[in-house]
Each structure stands twice: as structure tokens, then as C-alpha cells.
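2 protein chains.
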Amino acid sequence: MKAIVNVFLKEGVLDPQGKAVHHALASLGFNDTKDVRVGKQIVLELTTTDMAKAEAEVKEMCETLLANTVIEDYSIEIA
Amino acid sequence: MKAIVNVFLKEGVLDPQGKAVHHALASLGFNDTKDVRVGKQIVLELTTTDMAKAEAEVKEMCETLLANTVIEDYSIEIA
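If you read the protein sequences in the order shown, they are chains A and B. Residues in the first sequence are numbered consecutively from 421, following the numbering used here. Residues in the second sequence are numbered consecutively from 421, following the numbering used here.
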């Protein structure tokens with residue numbers, strides 16, 4: 421079972437990496453971008469086959485390790 | 421218009437960040453994970469409203485800046 425976790429900075433939190441990418445794109449001639457945000461995508465290969473259990477466990481992983489919930493939000497997709 | 425780009429290391433390319441997360445999860449008692457891969461998720465806010473044009477442009481951004489196509493793959497989602 422696969423779990424995909426997307427971790428991204430909360431709205432309003434400054435994203436210097438996103439700003440740098442935005443600036444780099446503009447200097448390469450891509451002037452169509454209004455804003456860029458850069459987050460992390462963590463793909464976990466789980467041994468469990470119980471979907472509910474997997475989701476609960478991945479949520480706990482996010483809260484304890486994968487995301488800094490003070491400044492970051494996350495979303496979980498179980499596939 | 422929003423474009424979501426996921427950049428991840430190709431299969432077979434060693435992912436030290438993923439290995440570190442895997443190890444950290446195990447040491448926290450999460451022993452259900454078989455493998456962890458860490459990638460980037462880049463969210464672009466585009467001014468264009470033409471879906472085909474947006475997709476072509478984002479593809480070019482990936483090839484020139486966002487992904488290192490020697491070791492990384494990417495996927496594009498236009499929303």
C-alpha cells in the first residue's frame with residue numbers, strides 16, 4: 421500500500437525557495453507565473469493492507485516527524 | 421490557473437533524504453514502512469487561461485529549471 425504525503429507551507433508563511441524559483445523562472449523568460457510555492461512530496465511504501473489503519477498511522481507520522489505543523493500543512497492520499 | 425509539478429528521483433537513483441526519513445520513522449516506532457522516497461512539489465500560479473499553452477510552458481519550465489532530467493522525473497497537473 422502506498423501513501424503520498426504532500427507537505428507545504430501554510431498560507432501567509434514566507435516561502436523563500438518558492439520566491440527564488442519564481443525569480444529564476446522570470447529571468448529565464450517565463451513571465452506568466454504569478455506565484456510559486458515549493459513543498460515536499462513524501463511517498464511511503466507501507467506493509468499494512470488496512471486502509472483505515474494506514475491513514476491513521478501516516479497522520480501520526482506527519483504530526484510527529486514529516487510536517488512542522490506550526491508553519492506547514494499536509495495532505496494524505498492513500499492508494 | 422494552477423499547475424502542480426511533482427519532481428521525484430528516478431527509480432534506481434539513491435534517495436538519501438528518503439532513507440533518512442525511513443530510518444527516523446523506524447526509530448520512532450513506525451515499523452510498517454517498507455520504503456520512503458522524498459520529492460518536491462512545486463505549485464505554480466499562472467496568469468494564462470489557455471490550458472494547452474499552460475501545459476506546454478510548464479513542461480518547458482521543468483526541462484530547463486525545475487527538474488534535473490538526468491536523475492529526476494516529473495509529472496504535471498493543470499487545475
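Think of the CB as a built atom: it goes at the ideal place given N, C-alpha and C, for glycine as much as any other residue.
From the DSSP output, in three-state form, read off residue i for me.
i: E483 of chain B; result: helix
i: V478 of chain B; result: helix
i: L466 of chain A; result: strand
i: K430 of chain A; result: coil
i: V490 of chain A; result: coil
i: G404 of chain B; result: Nothing can be reported for residue 404 of chain B, as the shown portion of chain B is limited to 421 through 499.
i: A446 of chain B; result: helix
i: A472 of chain A; result: helix
i: A423 of chain B; result: strand
Along chain A, which residues have their Cβ under 9 Å away from the Cβ of residue i?
i: E465 of chain B; result: T453, K454, D455, V456 and R457
i: V490 of chain B; result: Ordered by position in chain A, no residue passes the 9 Å Cβ test against V490 of chain B, which lies about 19 Å from the chain.
With 8 Å as the threshold, decide whether the Cβ of residue i is near any Cβ in chain B.
i: K430 of chain A; result: no
i: E477 of chain A; result: yes
i: T468 of chain A; result: yes
Given a cut-off of 8 Å, decide if residue j and residue i are closer than it, judged by their beta-carbon atoms.
i: L485 of chain A; j: D452 of chain B; result: no
i: V433 of chain A; j: Y494 of chain A; result: no
i: K460 of chain A; j: K460 of chain B; result: yes
i: E497 of chain B; j: A423 of chain B; result: yes
i: E492 of chain B; j: V441 of chain B; result: no
i: M421 of chain B; j: T489 of chain B; result: no
i: V463 of chain B; j: R457 of chain A; result: yes
List the residues of chain B that residue i touches, going by C-beta distances under 8 Å, in chain order.
i: V441 of chain A; result: I462, L485 and L486
Which chain B residues are close to residue i, counting only those with a beta carbon under 7 Å from its beta carbon?
i: M481 of chain A; result: L445 and F450
Nearest to residue i by alpha carbon, out of the options?
i: A472 of chain B; options: B:A499, B:A444 and B:A487; result: B:A499
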